[in-house]
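J.: Quick note: the sequence shown uses the working numbering, first residue 6, plus one each step.
Structure below; questions to follow.
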Amino acid sequence: MPLVQDIVQLNPCWGLFVSDSGQLVAWCLTAEYGVGMLRTEEQHRRKGYAQAVASQLFRHLGKGGIDMHLHVEKSNAPAHRLFHELGCLPMGDVYWSELTAQ
């Protein structure tokens, strides 16, 4: 995924690795508006890993005086709970569309 590779190379990112295997199990990537991507591998969910990496990102942005924005799909209840616990407040709805050449 070239976009993800560019984000990792050009922006601060955080990852959580399992110590015995070195496997990356959770990560948080920044984008120009704040949180670009947050993911925890399915078998490692509900262990607090997403909160750990997101908290580090929030601290980093806060120290730099950077206002943070993020987008969460309406149907993603776990992400809504997580970001609420981290102090995020909903601001409004965003609608995405895809245009294709005909």
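Backbone N, C-alpha and C fix where the C-beta goes; we use that ideal spot for every residue, glycine too.
1. Please identify the residue among Glu90, Pro7, Ala36 whose C-alpha is closest to the C-alpha of Cys18.
2. Where do the ends of the alpha helix (DSSP H) carrying Val13 lie?
3. Excluding the 5 residues preceding and the 5 following Pro45 in the sequence, name in chain order all residues of the same chain whose CB lies nearer than 6 Å to its CB.
4. Tell me, which residues are paired with His76 by DSSP?
5. Between the Cα of Ser60 and the Cα atoms of Leu15, Val77, Gly92, which residue gives the shortest distance?
6. Take Phe22 and list the residues in its own chain whose beta-carbon comes closer than 8 Å to its own, dropping the five residues that flank it on each side.
7. Out of Glu78, Ser80, Phe63, Lys79, which one is the CA nearest neighbour of Asp72?
T.: Taking the geometry as given:
1. Ala36
2. 7 to 15
3. Checking the displayed sequence, the identity of residue 45 turns out to be Thr instead of Pro. The residues are Ala31, Tyr54, Ala55.
4. DSSP, once it has assigned bridges, lists no residue as partnering His76.
5. Gly92
6. Gln28, Leu29, Val30
7. The residue with the shortest Cα to Cα distance from Asp72 is Phe63.
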